[in-house]
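So the structure is just underneath, and the comments pick up after that.
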Amino acid sequence: MEFEYKCESLWKGLDDDARQAIFDYGERYKVFLDASKTERECAQTIIEGAKEKGFVDFNDVIASGQMPAAGTKIFYNHKNKAVVLMVMGVHPLEEGMHIVGSHIDAPRLDLKGHPLYEDGGLALLKTHYYGGIKKYQWTCLPLALHGVVYTADGTPVNVRLGDEDGDPVLFISDLLPHLGKKQNEKKLAEAITGEQLNAIIGHIPLDDDEEKEPIKAAILRALHDKYGFVEEDLLLAELELVPAQKAVDVGLDRGLIAAHGHDDRSCTYAAVEALLNMGTPAYSAVGLFVDKEEIGSVGNTSMSARYFENVLAELFALAGKDTELLVRRTLAHSAVLSADVTAALDPTFPEVMDSRNTAYIGKGVSLCKFTGARGKSGSNDANAEFLAKLRGLFAKRGVPWQAGELGRVDEGGGGTIAYILAERGAEVVDCGVPMLSMHAPIELASKADCYFTHKAYQAFLEEAL
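Going from the sequence shown to the numbering used here is simple: count from 1 and add 1005.
Written as structure tokens, this is what we have:
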């Protein structure tokens, strides 16, 4: 008898309570998205939620001088751009942890060091795109400015312009079709260049005949009046352009959410909600919410940095144990869900997918045994023994799941943080939300997939494998 792998729509057969639970989760998730448009904002939102649920600062744990007991809930803020949430388990740390690791950065446009200039009767901002984007998608849509600026005396100034009712927005222009003949003849990837992603921030000149750049001067004055910083402060600022749109429902049935940053905040929120509401697990439950995944997991706030290992070492030091040995042992005995989104089959572009080996929107959390490209290059490629345990766990907890790959062989590919933790010896597999329009300014995900991804992470964090 030939086996036929089928995944049914998650919406079929749901009772009223289950359907309501999905929609309620979607509303909470949208609030999280709107508050978390940058990695800094996302980290702060996670920490605020953790404090409300009784999580204690890791530094206070270290200051206590005692190894935290089972059930203790801890948060660690790493440079305001990455967060560790941890619920201590009954089993000793060195017997391994259950870790859900996601990233909180997303594709965007960063401002250059000298961003502000005047030309053609406009004040504009120079940008440098962050992560893999289709550059043309960032033109002709309202943009918001988010980030932090430090003044000369070291005072941080948080900027969030364009998202509140009545706020002005920024805008990147494109050629009108009447004059776009040569542009239309270019390859899609070349029609808009990185240096053409210049955002319009103003138009009205300062009423001063002696000012050489009166529009730029007017914008600098407006920024100073609103935020208190000067042009020199922009040299060292971290400012990002993101879509000026709140998360919204899509479809007459309201089953989908369109928003910036589903990749990877859909998985982040699923793990955060599971951790904030859990009791004492058998094995210590950990959420890693890291930065810089979209540019290769480099830098001291990325998964490649050793801050999580330092956290473990500090905990073992409290117990007077051999920190180096036990950190290695703990990670080698751990199980990890690399919580990242995957591409769902888009019926408008089916040719890039193998329909028998792809995730579908609305059919459950996707397990991706491997990612990578060109012969699985750069992939973790999860072990069958680990996948068998997950299969049994999901069956036990009633978690609907599907298997997927990132496109046809040699069509493209991609990667996650999975390989980094796997290099420490942990068992790791990619497990996350299937979605459409990944890396676009606005992405699309199913409320049902988001909800059941949360249920998958909850089961994994709570249960022993």
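Virtual Cβ for every residue (Gly too), placed ideally from N, Cα, C.
Residue i versus the options, residue with shortest Cα-Cα distance
i, options, result
"valine 1282", "Lys1374, Leu1239 and Val1092", "It should be noted that the sequence gives asparagine, not valine, for residue 1282. It is Val1092."
"aspartate 952", "Gln1025, Asn1388 and Glu1245", "Nothing can be reported for residue 952, as the shown portion of the chain is limited to 1006 through 1470."
"glutamate 1319", "Met1072, Val1061, Gly1054 and Ile1052", "Met1072"
"glutamate 1044", "Val1295, Pro1439 and Ser1451", "Val1295"
"alanine 1279", "Tyr1462, His1119 and Ala1026", "Tyr1462"
"alanine 1408", "Pro1112, Tyr1365 and Leu1184", "Tyr1365"
"cysteine 1047", "Asp1022, Lys1084 and Ala1068", "Lys1084"
"serine 1343", "Gly1292, Leu1323, Val1303 and Ala1393", "Gly1292"
"lysine 1086", "His1108, Gln1250 and Leu1257", "His1108"
"lysine 1131", "Lys1140, Ala1157, Met1102 and Glu1200", "Glu1200"
"serine 1371", "Ser1451, Gly1167, Leu1239 and Asp1168", "Ser1451"
"serine 1353", "Leu1441, Lys1374, Ala1393 and Ser1339", "Looking at the sequence itself, residue 1353 is threonine, so the reference to serine does not match. Of the listed residues, the one whose Cα sits closest to threonine 1353 is Leu1441."
Limits of the beta strand (DSSP E) - the one that residue i falls within
i, result
"aspartate 1115", "1113-1124"
"serine 1069", "Run containing serine 1069: none in the beta strand (DSSP E); it sits in the alpha helix (DSSP H), 1063-1069."
"glutamate 1245", "1243-1248"
"glutamine 1407", "1406-1408"
"asparagine 1163", "1161-1166"
"alanine 1149", "1148-1155"
"glutamate 1319", "No beta strand (DSSP E) holds glutamate 1319; the alpha helix (DSSP H) holding it covers 1312-1323."
"lysine 1394", "Element bounds for lysine 1394: not the beta strand (DSSP E) but the alpha helix (DSSP H), 1389-1402."
"serine 1178", "Segment: none, serine 1178 is in no beta strand (DSSP E) and carries neither H nor E."
Start-to-end residues for the alpha helix (DSSP H) that takes in residue i
i, result
"asparagine 1082", "Per DSSP, asparagine 1082 belongs to no alpha helix (DSSP H); it is in the beta strand (DSSP E), 1078-1083."
"alanine 1227", "1219-1232"
"threonine 1335", "1328-1337"
"isoleucine 1052", "1044-1057"
"glycine 1031", "1021-1040"
"lysine 1187", "1186-1189"
"cysteine 1272", "1267-1281"
"isoleucine 1425", "1423-1427"
"threonine 1458", "1452-1467"
"leucine 1193", "1193-1196"
Close beta carbons around residue i, own chain, < 6 Å, minus the five adjacent residues each side
i, result
"phenylalanine 1037", "Tyr1274"
"lysine 1460", "Val1404"
"arginine 1402", "Ala1464"
"methionine 1006", "At methionine 1006, the pLDDT of 37 sits below 50, so the modelled position is not reliable; the number obtained from the coordinates is stated separately. Within the same chain, methionine 1006 has no close Cβ partners at all."
"phenylalanine 1399", "Trp1406"
"asparagine 1385", "Ala1423, Tyr1424, Ala1427 and Val1433"
"glutamate 1099", "Leu1331, Arg1334 and Thr1335"
"tyrosine 1155", "Pro1161"
Residues near residue i by beta carbon distance below 7 Å, same chain, minus five either side
i, result
"isoleucine 1224", "Leu1121, Ala1128, Ile1206 and Gly1207"
"tryptophan 1143", "Leu1114, Ile1177, Leu1202 and Pro1446"
"alanine 1055", "Phe1080, Leu1090 and Leu1281"
"glycine 1377", "Gly1383, Ser1384, Gly1418 and Gly1420"
"proline 1210", "Pro1219, Ile1220 and Ala1223"
Distance, residue j Cα to residue i Cα
i, j, result
"leucine 1317", "aspartate 1062", "14 Å"
"isoleucine 1220", "alanine 1310", "43 Å"
"arginine 1361", "threonine 1328", "47 Å"
"alanine 1469", "threonine 1306", "30 Å"
"glycine 1437", "valine 1174", "32 Å"
"isoleucine 1300", "threonine 1421", "11 Å"
"alanine 1227", "proline 1248", "22 Å"
"arginine 1396", "glutamate 1467", "15 Å"
"lysine 1297", "aspartate 1213", "43 Å"
"cysteine 1145", "arginine 1165", "20 Å"
"leucine 1449", "alanine 1349", "10 Å"
"lysine 1058", "threonine 1050", "13 Å"
"threonine 1363", "aspartate 1029", "28 Å"
"glutamate 1009", "lysine 1381", "Legend: pLDDT at glutamate 1009 = 46, less than 50; position of this residue unreliable, value from coordinates given subsequently. Taking the straight line joining both Cα atoms gives about 25 Å."
"phenylalanine 1457", "proline 1439", "11 Å"
"leucine 1019", "glycine 1106", "30 Å"
"leucine 1411", "isoleucine 1138", "17 Å"
"glutamate 1123", "leucine 1090", "45 Å"
"valine 1341", "isoleucine 1104", "5 Å"
"glycine 1369", "aspartate 1454", "5 Å"
"valine 1066", "glycine 1094", "16 Å"
"threonine 1160", "alanine 1196", "41 Å"
"leucine 1331", "glycine 1325", "11 Å"
"lysine 1186", "alanine 1194", "16 Å"
"arginine 1024", "tyrosine 1312", "40 Å"
"lysine 1217", "aspartate 1359", "59 Å"
"glycine 1430", "glutamate 1390", "14 Å"
"lysine 1191", "valine 1346", "31 Å"
Residue i CB to nearest heavy atom of the ligand FMN below 7 Å
i, result
"lysine 1131", "This structure lacks the ligand FMN, and indeed carries no ligand of any kind."
Closer than 8 Å to chain C by CB, residue i
i, result
"aspartate 1435", "Reference to chain C is not applicable here, since this structure consists of a single protein chain."
Sequence-distant residues of its chain with Cβ nearer than 8 Å to residue i (five each side left out)
i, result
"leucine 1180", "Gln1188"
"glycine 1125", "none"
Is it the case that the segment 1284-1293 contacts the segment 1025-1035, given that we only count it when at least three CB pairs across the two stretches are under 8 Å? no
Indicate whether the contact test is met: 3 or more Cβ pairs, each with one atom in the segment 1328-1337 and one in the segment 1144-1151, closer than 8 Å. no
Pair every Cβ in the segment 1263-1270 with every Cβ in the segment 1067-1081, then say whether three or more of these pairs are closer than 8 Å. no
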